[in-house]
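So our numbering is basically just the index in the sequence shown, starting at one, shifted up by 102.
Note that beta-carbon positions come from the ideal geometry of N, C-alpha and C, so glycine has one too.
Here is the structure we will look at, set down as structure tokens.
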Amino acid sequence: MNISVVGTGYVGSVTGVSLAEIGHHVICIDIDQQKVLVMNNGQSPIYEPHLEHLMQKNLQSGHLSFTTSYLNGLSSADVVYIAVGTPQLPDGTADLQFIEQAAHDIAFSITQDTIVVMKSTVPVGTNDKIKTIIQEAAASNITIEMVSNPEFLREGSAIHDTFNGDRIVIGAENKRAASVIESINAPFGLPIYHTDLKSAEMIKYASNAFLATKISFINEISAICEKVGANIEDVALGMGKDKRIGEQFLKAGIGYGGSCFPKDTNALVQLAGNNHHDFKLLKSVIEVNNSQQLKLFQKAKETIGDLQGKTIALLGLAFKPNTDDMREAASIPIARSLVEAGAKVVAYDPIAIPNAKGFLPEEVVFKETIEEALIDTDAVFILTEWAEIKEIDLSTFQRLMKSPVVIDGRNCYSLHEVSRFPIHYISIGRPTIISKLVPL
């Protein structure tokens with residue numbers, strides 16, 4: 103089938119490449135000329151495992167192309183996917199200006215009856231609004247049908263999730279449109295769940311809000327574990343064995359970040375408020391997460407004392423491993439707090455440093471390796487559980503640091519293994535390992 107995808111950000115690029123991989127002819131549209139040039143040369147503007155390989159493969163086969171022209175991109179499209187950004191406004195609501203602009207551009211460019219698929223995360227009722235915009239601006243003989251097809255991708259494993267997801271949600275206003283989108287997705291071989299437009303829109307927000315709730319809940323339990331001497335990893339495992347609860351998203355740490363959970367939880371709170379419902383539970387989830395991001399800074403002050411003049415290393419800057427995304431990353435408030443406290447901050451991330459430079463204070467000094475970042479430091483914060491950080495020889499901390507104080511926000515190392523080294527080790531929701539050999 104001939105498919106056009108409007109927007110080549112994270113969702114748009116993964117969607118376009120994946121649809122091409124299962125045999126469709128896909129044209130991706132973006133107004134950024136330089137970005138389109140780069141992608142037509144087989145280079146992905148975002149870091150996502152396996153994305154660039156599949157992009158190159160489908161460019162060569164002729165199933166995939168990129169353009170800045172709506173007229174060229176939509177001239178033969180049977181189905182148009184909208185995958186542009188919906189950033190957060192200051193009040194927490196979703197900014198729909200890019201969605202609305204895409205709707206106008208689609209309306210002025212299509213020449214035949216078209217199914218428009220909303221891939222972007224949008225508030226309930228948005229699909230109806232976008233249909234009205236397109237239908238009123240398009241030629242009078244053209245019929246528009248809307249489908250909500252939300253994505254459930256995790257950054258760092260988006261390609262895997264596309265081909266191995268739990269379900270594909272299709273919310274449509276009529277059975278014909280739903281059937282067409284089901285046939286497009288059939289090659290993925292995943293369970294398909296049909297519903298109406300508004301329910302599909304809500305499914306995306308409700309799913310992300312529930313997962314965010316699990317994260318904040320386990321972080322609150324971890325705080326209690328620290329006070330009573332329990333081990334959060336044992337607690338989480340014991341909880342997760344209950345099939346009603348499940349083991350996923352019960353990993354204590356320094357909170358969630360990225361482009362989805364913070365934005366979607368805030369948007370759902372605003373959506374509830376706009377409909378006269380005070381979503382107290384989700385407000386608490388957001389409050390817990392915001393405070394969780396600074397737990398390591400607080401632990402450093404409790405352990406070291408005055409941070410003025412101390413050198414602190416940050417290992418991992420992206421909000422999670424296998425991505426260069428810095429949006430809502432815990433490293434941002436942590437770095438700012440350290441700099442404000444007078445600390446000297448050095449940082450390392452295997453992928454995200456180019457993006458991090460636009461988010462972290464200018465005082466932060468970036469290093470090219472873990473070892474360079476650790477030399478003569480008074481403490482190290484572990485903020486992202488990259489494989490190379492998890493697999494580091496623990497003797498490296500002792501060998502390179504002035505004072506091997508390791509404050510681990512991702513519980514990367516087993517307490518048993520850490521206890522074999524002269525390291526002062528502080529993690530989340532677990533007993534602190536104190537070495538008498540470490541001067542504080």
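If you compare the alpha carbons of P189, I472, I414, I434 with that of K422, the shortest gap goes to I434.
Minimum Cα-Cα distance from N251 among the listed residues K353, G511, V113 corresponds to V113.
Per DSSP, reduced to three states, the secondary structure at N287 is helical. Listed in chain order, the non-local C-beta contacts of P225 below 6 Å within the same chain comprise A196, L373, local neighbours out to five positions each way being set aside.
Contact annotation: A475 and L419 have beta-carbon atoms that are not nearer than 7 Å. For L191, there is no enclosing beta strand (DSSP E), as DSSP gives it neither H nor E. Put simply, the backbone Cα of V467 is about 46 Å away from that of N174.
Y149 sits in coil when the DSSP states are folded into three classes, being neither helix nor strand. In this structure, I201 sits near V186, with a CB-CB distance shorter than 7 Å.
Where I356 is concerned, there is no enclosing beta strand (DSSP E), because DSSP gives it neither an H nor an E. Taking a contact as a CB-CB distance under 8 Å, the pair G267 and L292 counts as one, their CB atoms being some 5 Å apart. Only buried fits N310, as 16 or more other CB atoms lie within 10 angstroms of its CB. About 5 Å separates the Cβ atoms of F168 and V138, confirming a contact at the 8 Å cut-off. By the Cβ-count criterion, G164 is exposed, with fewer than 16 other Cβ atoms from all chains shown falling within 10 Å of its own Cβ. Between I334 and I530, the beta carbon gap of about 7 Å places them in contact (Cβ cut-off 8 Å). For N424, the secondary structure class from DSSP, reduced to helix, strand or coil, is coil. For P452, same chain residues with a beta-carbon under 8 Å away, outside a window of 5 residues either side, are W488, E490 in chain order. Annotation: K469 to E442 spans about 21 Å, alpha carbon to alpha carbon. Using a Cβ distance threshold of 7 Å, I131 and V108 count as a contacting pair. The shortest CA-to-CA distance from S178 to any of R501, Q214, A314, E303 is the one to Q214. With contacts defined by Cβ atoms closer than 7 Å, A445 and I414 form a contacting pair. Annotation: G273 is outside any alpha helix (DSSP H); the continuous beta strand (DSSP E) that includes it extends over 270-274. For Y515, there is no enclosing beta strand (DSSP E), as DSSP marks it with neither H nor E. Cβ-Cβ separation between V182 and L191: approximately 26 Å, too far for a contact (criterion under 8 Å). At the C-beta level, G340 and R429 stay beyond 7 Å of one another.
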